[in-house]
Amino acid sequence: MDYEKYMDMALEQAHIAYDKGEVPIGCVIVYNDKVIGKGANMRVTYGNVLAHAEIIAIDEACKAMGDWRLEDCTLFVTVEPCPMCSGAILQARIKEVVFGSRNPKAGCAGSIYNILQESRFNHFVNIKEGIMQEECSALMKEFFKRFRK
(Lines of atoms letter the chains of each structure in order from A; the text may use other names.)
(Lines give C-alpha, C1' and ligand atoms only; values in the text may rest on other atoms or scores of the structure.)
Protein backbone atom coordinates (compact mmCIF):
# COMPACT_ATOMS: atom_id res chain seq x y z
CA MET A 30 0.00 0.00 0.00
CA ASP A 31 1.23 3.49 -0.85
CA TYR A 32 1.10 5.10 2.60
CA GLU A 33 2.29 8.52 1.46
CA LYS A 34 -0.27 8.68 -1.36
CA TYR A 35 -3.16 8.18 1.04
CA MET A 36 -1.69 10.38 3.77
CA ASP A 37 -1.37 13.11 1.15
CA MET A 38 -5.10 12.71 0.50
CA ALA A 39 -5.76 12.99 4.25
CA LEU A 40 -3.68 16.17 4.25
CA GLU A 41 -5.89 17.54 1.47
CA GLN A 42 -8.85 17.02 3.81
CA ALA A 43 -6.93 18.72 6.63
CA HIS A 44 -6.40 21.74 4.38
CA ILE A 45 -10.16 21.90 3.76
CA ALA A 46 -10.66 22.10 7.54
CA TYR A 47 -7.88 24.70 7.84
CA ASP A 48 -9.46 26.89 5.16
CA LYS A 49 -12.73 26.87 7.14
CA GLY A 50 -10.96 27.88 10.36
CA GLU A 51 -11.24 24.38 11.80
CA VAL A 52 -8.45 22.46 13.54
CA PRO A 53 -6.77 20.96 10.46
CA ILE A 54 -7.29 17.25 10.76
CA GLY A 55 -8.12 15.13 7.73
CA CYS A 56 -8.88 11.49 7.18
CA VAL A 57 -9.37 8.97 4.38
CA ILE A 58 -10.39 5.31 4.60
CA VAL A 59 -9.07 2.86 2.04
CA TYR A 60 -10.46 -0.53 0.99
CA ASN A 61 -8.75 -2.57 -1.75
CA ASP A 62 -6.67 0.47 -2.80
CA LYS A 63 -9.78 2.62 -3.21
CA VAL A 64 -10.82 5.57 -1.02
CA ILE A 65 -14.29 4.78 0.34
CA GLY A 66 -14.52 7.49 2.98
CA LYS A 67 -13.02 10.88 3.63
CA GLY A 68 -13.51 13.58 6.19
CA ALA A 69 -12.26 16.94 7.37
CA ASN A 70 -12.70 18.18 10.92
CA MET A 71 -15.95 20.21 10.95
CA ARG A 72 -16.90 20.64 14.62
CA VAL A 73 -17.30 24.42 14.42
CA THR A 74 -18.84 24.42 10.93
CA TYR A 75 -21.46 21.82 11.89
CA GLY A 76 -21.77 22.93 15.52
CA ASN A 77 -21.39 19.28 16.48
CA VAL A 78 -18.79 17.71 18.76
CA LEU A 79 -19.08 14.48 16.76
CA ALA A 80 -17.88 16.09 13.51
CA HIS A 81 -14.30 14.86 13.76
CA ALA A 82 -12.59 13.90 10.50
CA GLU A 83 -12.48 10.21 11.42
CA ILE A 84 -16.17 10.03 12.36
CA ILE A 85 -17.20 11.71 9.11
CA ALA A 86 -14.96 9.36 7.11
CA ILE A 87 -16.23 6.28 8.97
CA ASP A 88 -19.82 7.29 8.28
CA GLU A 89 -19.08 7.70 4.57
CA ALA A 90 -17.15 4.40 4.44
CA CYS A 91 -19.98 2.49 6.14
CA LYS A 92 -22.42 3.84 3.57
CA ALA A 93 -20.04 2.85 0.74
CA MET A 94 -19.62 -0.66 2.15
CA GLY A 95 -23.28 -1.07 3.12
CA ASP A 96 -22.18 -2.30 6.54
CA TRP A 97 -20.93 -1.00 9.88
CA ARG A 98 -17.99 -3.40 9.74
CA LEU A 99 -14.89 -1.98 8.01
CA GLU A 100 -12.73 -5.03 8.75
CA ASP A 101 -10.37 -4.90 5.79
CA CYS A 102 -9.99 -1.12 5.73
CA THR A 103 -7.09 1.16 6.55
CA LEU A 104 -7.76 4.58 8.06
CA PHE A 105 -5.29 7.39 7.35
CA VAL A 106 -5.48 10.44 9.59
CA THR A 107 -3.14 13.40 9.89
CA VAL A 108 -3.19 13.45 13.71
CA GLU A 109 -3.41 10.60 16.20
CA PRO A 110 -7.06 9.79 17.00
CA CYS A 111 -8.74 11.04 20.18
CA PRO A 112 -10.65 8.73 22.59
CA MET A 113 -13.97 9.14 20.75
CA CYS A 114 -12.48 8.44 17.32
CA SER A 115 -10.38 5.56 18.64
CA GLY A 116 -13.54 4.02 20.07
CA ALA A 117 -15.35 4.38 16.75
CA ILE A 118 -12.37 2.89 14.89
CA LEU A 119 -12.39 -0.06 17.26
CA GLN A 120 -16.15 -0.52 16.96
CA ALA A 121 -15.95 -0.42 13.15
CA ARG A 122 -13.27 -3.12 13.32
CA ILE A 123 -10.90 -1.17 11.11
CA LYS A 124 -7.79 -3.23 10.42
CA GLU A 125 -5.13 -0.53 10.47
CA VAL A 126 -4.71 3.11 11.48
CA VAL A 127 -1.97 5.20 9.90
CA PHE A 128 -1.36 8.62 11.39
CA GLY A 129 1.03 11.47 10.75
CA SER A 130 1.72 13.23 14.02
CA ARG A 131 1.10 12.37 17.65
CA ASN A 132 -1.48 14.16 19.76
CA PRO A 133 0.11 14.56 23.20
CA LYS A 134 -3.04 16.16 24.70
CA ALA A 135 -5.70 13.71 23.49
CA GLY A 136 -4.09 10.88 21.51
CA CYS A 137 -5.40 7.39 22.18
CA ALA A 138 -3.24 5.39 19.79
CA GLY A 139 -0.21 5.53 22.07
CA SER A 140 0.29 9.07 23.40
CA ILE A 141 -2.00 9.17 26.45
CA TYR A 142 -3.51 5.73 26.12
CA ASN A 143 -3.75 3.07 23.45
CA ILE A 144 -7.41 2.17 23.05
CA LEU A 145 -6.73 0.63 19.63
CA GLN A 146 -4.52 -2.10 21.07
CA GLU A 147 -6.09 -2.64 24.50
CA SER A 148 -6.03 -6.42 24.95
CA ARG A 149 -9.32 -6.52 26.88
CA PHE A 150 -11.29 -5.42 23.81
CA ASN A 151 -12.44 -7.95 21.20
CA HIS A 152 -10.58 -6.24 18.34
CA PHE A 153 -6.95 -5.23 17.80
CA VAL A 154 -5.97 -2.44 15.37
CA ASN A 155 -2.55 -2.30 13.72
CA ILE A 156 -0.95 1.13 14.05
CA LYS A 157 1.61 2.80 11.79
CA GLU A 158 2.69 6.28 12.79
CA GLY A 159 4.92 9.05 11.50
CA ILE A 160 3.86 8.95 7.84
CA MET A 161 4.44 12.49 6.51
CA GLN A 162 4.87 13.61 10.10
CA GLU A 163 6.63 16.85 9.17
CA GLU A 164 3.79 18.00 6.90
CA CYS A 165 1.05 16.99 9.34
CA SER A 166 2.77 18.63 12.29
CA ALA A 167 3.60 21.81 10.35
CA LEU A 168 -0.04 22.31 9.37
CA MET A 169 -1.17 22.00 13.00
CA LYS A 170 1.54 24.40 14.18
CA GLU A 171 0.61 26.92 11.49
CA PHE A 172 -3.07 26.73 12.45
CA PHE A 173 -2.45 27.34 16.14
CA LYS A 174 0.03 30.11 15.37
CA ARG A 175 -2.66 31.78 13.21
CA PHE A 176 -5.36 31.03 15.77
CA ARG A 177 -3.45 32.72 18.59
CA LYS A 178 -3.07 35.96 16.60
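Quick note, the working numbering runs 29 ahead of the 1-based positions in the sequence shown.
For glycine and all other residues, C-beta sits at the position ideal for the given N, C-alpha and C.
Are the CB atoms of K67 and E89 within a distance shorter than 8 Å?
Closer than 8 Å, so yes.
Take A80 and list the residues in its own chain whose beta-carbon comes closer than 8 Å to its own, dropping the five residues that flank it on each side.
N70, M71, R72, T74
Measuring alpha carbon to alpha carbon, tell me which residue in Y32, M30, A43 is nearest A167.
A43
Opening and closing residue of the beta strand (DSSP E) in which C56 lies:
For C56, the uninterrupted beta strand (DSSP E) run begins and ends at 55 to 60, by DSSP.
With which residues is K63 paired in a DSSP beta bridge?
Y60
Out of V52, E164, M30, E147, which one is the CA nearest neighbour of G116?
E147
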